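Following the working numbering, the numbering of the sequence shown begins with 4 at its first residue and continues without gaps. Note that the Cβ used here is the ideal one computed from N, Cα and C, for glycine as well. The model shown is predicted, which means the values in this text are computed figures rather than measured ones. Read through the structure below, which is laid out as structure tokens, and then see the notes.
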Amino acid sequence: IISLLDVFTPDSTLEQFQTFYMVMPFVAQDLGYIMKRKSLSYQMIVYLFDQLLRGLK
């Protein structure tokens with residue numbers, strides 16, 4: 004799970020609100036990189052799947 008540092012909108016009023024931005028820390032690797040780099044163990048697959056589900060919660 005990645006940290007959420009900030010959330011902001013460029014819109015000045017609630018009536019104009021259409022867009023918001025989420026600010027997160029830089030992460031040097033993504034899931035695609037990890038999967039291409041090596042084969043994943045069963046334990047790693049379970050861990051990653053758990054993290055994905057927690058992110059949807």
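| query | result |
| --- | --- |
| Can you check which of these residues, Tyr24, Tyr45, Ala31, Ser42, is closest to Asp3 by C-alpha distance? | The structure shown has nothing for residue 3, since the chain only spans 4 to 60. |
| Quick check on Phe20: does DSSP put it in helix, strand or coil? | coil |
| Is DSSP giving Asp14 helix, strand or coil here? | coil |
| Spatial neighbours of Met27 within its chain, please: CB distance less than 7 Å, with the 5 preceding and 5 following residues excluded, ordered by chain position. | Ile5, Ser6, Leu7, Leu8 |
| Counting only the same chain and skipping the five closest in sequence on each side, list residues whose C-beta sits under 8 Å from that of Phe11. | Phe23, Tyr24, Val26 |
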